[in-house]
Structure formats: structure tokens, C-alpha cells
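**Student:** Mapped onto the numbering used here, the consecutive letters of the sequence shown carry residue numbers 466 to 768. Here it is: the structure, laid out below.
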Amino acid sequence: MEFLETIIQYYKSTGRMVPDDLISSGGKSQHFNVLKRQNSLRSLPFHRRDYYKVCLSTGGAVFRTDEGEVTVDQPVVCFTDPDIKMGFEFYREAQDGYLSVFNEQYLTPDLKREFIKVQRVLGDRLFPFLLLSSEEYHSLYGYFQLMEKEYCSSLPYKKELMLSFLKLIFNTVIRFAKARIQGDERSERPDRLVSRFLQLLNGQFPIDAPDSVLRFKNPGDFALLLHVHVNHLNHTVRKLTGKSTSRLIRERVLEEAKDLLKNSDWNISEIGNSLGFEYVQHFSQFFWKHTGERPGRYRKNVL
């Protein structure tokens, strides 16, 4: 059974005191909190969580998702929900920023729609974050700072105020993201962007040695190389090719896997590793999912 971290487990794993409302309700009560990142863990394991989180960070981390890893070396804001499996590891000692955690019970239908909206604007939900300039980071930092101040006060209607702050943060991130996309669209013709993406993708093949490892494995990697937002890359690729960026990458990896199984004497572990799969089981599962055969069976049938 897949592990699902609860919001109570989150507080314990980060060394924070579990709030009384969560203890008394067994984690079933409405819950919201805003916290400084200085007290956060340097890493989080790769799994799903039963709560929502908005995290503002100065960066210096490796994010892990179902599609691979993305290194983020600048300020970033990230949005995760119970459907997203994600982990990260910070490689910088100094950490700054804020995070807001809340559970399903706290969400109003309106705020949930806003949360989903900001994720969609950011593009691929496997990478629900936006890279920020220093100015954008400090703008969002100011909102989180105000939210923390009001949260720690004894003012009435606190939930309504917190919901307003969250909406302000969501809409500000949407504005930043759309401005980025519009700038990307003005800077380069769509056909040229897709051409450059395909050149980078196909330029990695054929793989000529078992110890050569595929470097760029997911849309986020290519977007960083092309200096565009991943949402803009995904939209442009789909518009011109009719396929998603992830699908084109997957199809090319699968094509190379078949070729290596048919024409090389490498063992299956070496083939999987060269294609960017850390474990041979992951390569076997990938191949079976998209062909209906295990790599060994496929090799036996084509030889």
C-alpha cells in the first residue's frame, strides 16, 4: 500500500509541536498554518501527503517527481496537493522563505478552484512551481509576512483573512506566470522553439555506451535549457505537434530502448541505466506499460 504522509506526521517529522486542534481531532479538524522556512527540513522523502502546501523558497534544491528530477537554483514558489507525489533535497545550507499548510477540511470550494487554477496556469502538474526573480520573490515574501503577522494576532474573522491572503498569493503567482508566458511568446517563433526542443531531444541519441546516461529526461529539463517557462513549452509543442512534451520524450526513449534491446549486447540493467532509470525495475515497468511486454521478453521475441 502506498504511503500517505498525514499532516500530523508532517509536524512531527519537521520537529514542530503538533497543534492542539489536530491532536484532539486526530487530524480531522479544519487546519491552517503559516510557517517560516528557516525551521524546515533539508529534505522530504518521495511520497504523497494528505494536505496542501504552498512553499516560497530561495531555492537551491533538487525536486523529485514521477517524471524525474529538476534542479532549482533560484527563488521558487511551489504548490502541492494530496494527488502529487513529490520529494526534495536542499543542497544549500541557508534557507529562507515561508510555507503555508492546510488540509482538505479547511478548503472552501472557492479556494479549491483557485488552487487548481494556479496549478493549471503553471503547466505540467508534475512540476507545480514557478521560478521567481528576486523582485517577485520579495513581493510574495511580503504577503506571507503579513499573513503570518495576522495569523498570530487575536483578530476576529481570522479564517476569512487567511483565505484572502491565499487568494492574493495565488493571483499574484498567476500574474507572474502569465507575464512570463507572454514574454516567451513574443521572443521566439513557435516553430523555432519546437525545432530547438526536438534537436535537443534527438541529439541525445543514439546512446553509444552503457555508461552514457541520458541527461535531459522531462519537460522541465528542456524548458530550463531553452530558457522558457515549462507551460509555454508544453503549450507550443502540443499546438504544433498534437502531442505533449512528455509524450514525445517518452516515445523517443521507448524507441531507443527497443533499438538497444534488439541491436546491442548490453544487459537490461545497463540499458535502463543509460536511459535514465535508476533501478532496472523502473525501466521494466516503463517498458511494460507502453509495450505490454517486459524488456527480456521483447528481446527474446525480436532476436
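Ideal Cβ placement from N, Cα and C applies to all residues, glycine included.
Assuming Y556 contacts A526 under a Cβ cut-off of 8 Å, what Cβ separation, rounded to an integer in Å, is found between them?
**Tutor:** Confirmed, about 7 Å.
**Student:** Compare the C-alpha of C617 against each of R680, R513, K501, L663 and name the closest.
**Tutor:** Considering only alpha carbons, the answer is K501.
**Student:** For L721 and L740, which I take to be in contact (beta-carbon distance under 8 Å), what is that distance rounded to the nearest angstrom?
**Tutor:** The amino acid occupying residue 721 in the given sequence is Glu; Leu does not appear at that position. So it is a contact: roughly 7 Å between Cβ atoms.
**Student:** Cutting at 6 Å between CB atoms, please list the residues of its own chain near C520, excluding the five before and the five after it.
**Tutor:** Taken in chain order, the residues that qualify are C543, L564.
**Student:** Could you name each continuous alpha helix (DSSP H) segment of 4 residues or more that falls completely within the region 691 to 732, going from the start of the chain to the end?
**Tutor:** Those alpha helix (DSSP H) runs which fall completely within the region 691 to 732 and span 4+ residues are 695 to 706, 710 to 728.
**Student:** Please classify K765: does DSSP put it in a helix, a strand, or coil?
**Tutor:** Looking at K765 - three-state DSSP - the assignment turns out to be helix.
**Student:** Put V483 into one of helix, strand or coil per three-state DSSP.
**Tutor:** DSSP places V483 in coil when its eight states are reduced to three.
**Student:** Between the Cα of K623 and those of V718, F497, A559, spot the shortest distance and give me the residue it belongs to.
**Tutor:** When only C-alpha atoms are compared, the closest one is F497.
**Student:** Pick helix, strand or coil for K682, following the three-state DSSP scheme.
**Tutor:** It is coil, neither helix nor strand.
**Student:** Between S522, T573, P574, which lies nearest to F553 when the distance is taken from Cα to Cα?
**Tutor:** The shortest C-alpha separation from F553 is found at S522.
**Student:** From H694 to G761, what distance separates their C-alpha atoms?
**Tutor:** Approximately 38 Å between the Cα atoms of the pair.
**Student:** Which term fits Q750, buried or exposed, when burial requires 16 or more other beta carbons within 10 angstroms of its beta carbon?
**Tutor:** Label assigned to Q750: exposed.
**Student:** Buried or exposed, going by whether 16 or more other CB atoms sit within 10 Å of the CB of L768?
**Tutor:** The residue is exposed, with fewer than 16 neighbouring Cβ atoms inside 10 Å.
**Student:** Examine the Cβ distances between the region 693 to 712 and the region 655 to 662 and report whether three or more of them are shorter than 8 Å.
**Tutor:** Result yes; three or more Cβ-Cβ pairs closer than 8 Å.
**Student:** Exposed or buried, T573, counting other C-beta atoms within 10 Å across all chains shown (16 or more means buried)?
**Tutor:** Exposed, since its Cβ has fewer than 16 Cβ neighbours within 10 Å.
**Student:** Less than 8 Å between the C-beta atoms of G580 and D546, yes or no?
**Tutor:** Correcting the residue identity first, residue 580 is Phe in this sequence and not Gly. Taking 8 Å as the Cβ cut-off, F580 and D546 qualify as a contacting pair.
**Student:** Any chance you could list the alpha helix (DSSP H) runs of at least 4 consecutive residues sitting entirely within the region 555 to 606, in chain order?
**Tutor:** As far as the region 555 to 606 is concerned, its whole alpha helix (DSSP H) runs of at least 4 residues are 574 to 587.
**Student:** Between which two residues does the alpha helix (DSSP H) holding S660 run?
**Tutor:** Start and end: 655 to 667.
**Student:** In the DSSP assignment, find the beta strand (DSSP E) that holds F544 and state where it starts and stops.
**Tutor:** Its beta strand (DSSP E) spans residues 541 to 545.
**Student:** Give me the Cα-Cα distance between F670 and R514, rounded to the nearest whole angstrom.
**Tutor:** Each residue's Cα considered, the two are about 37 Å apart.
**Student:** Specify, as a first and last residue, the run of the beta strand (DSSP E) that S677 falls within.
**Tutor:** No beta strand (DSSP E) contains S677, which DSSP labels as neither H nor E.
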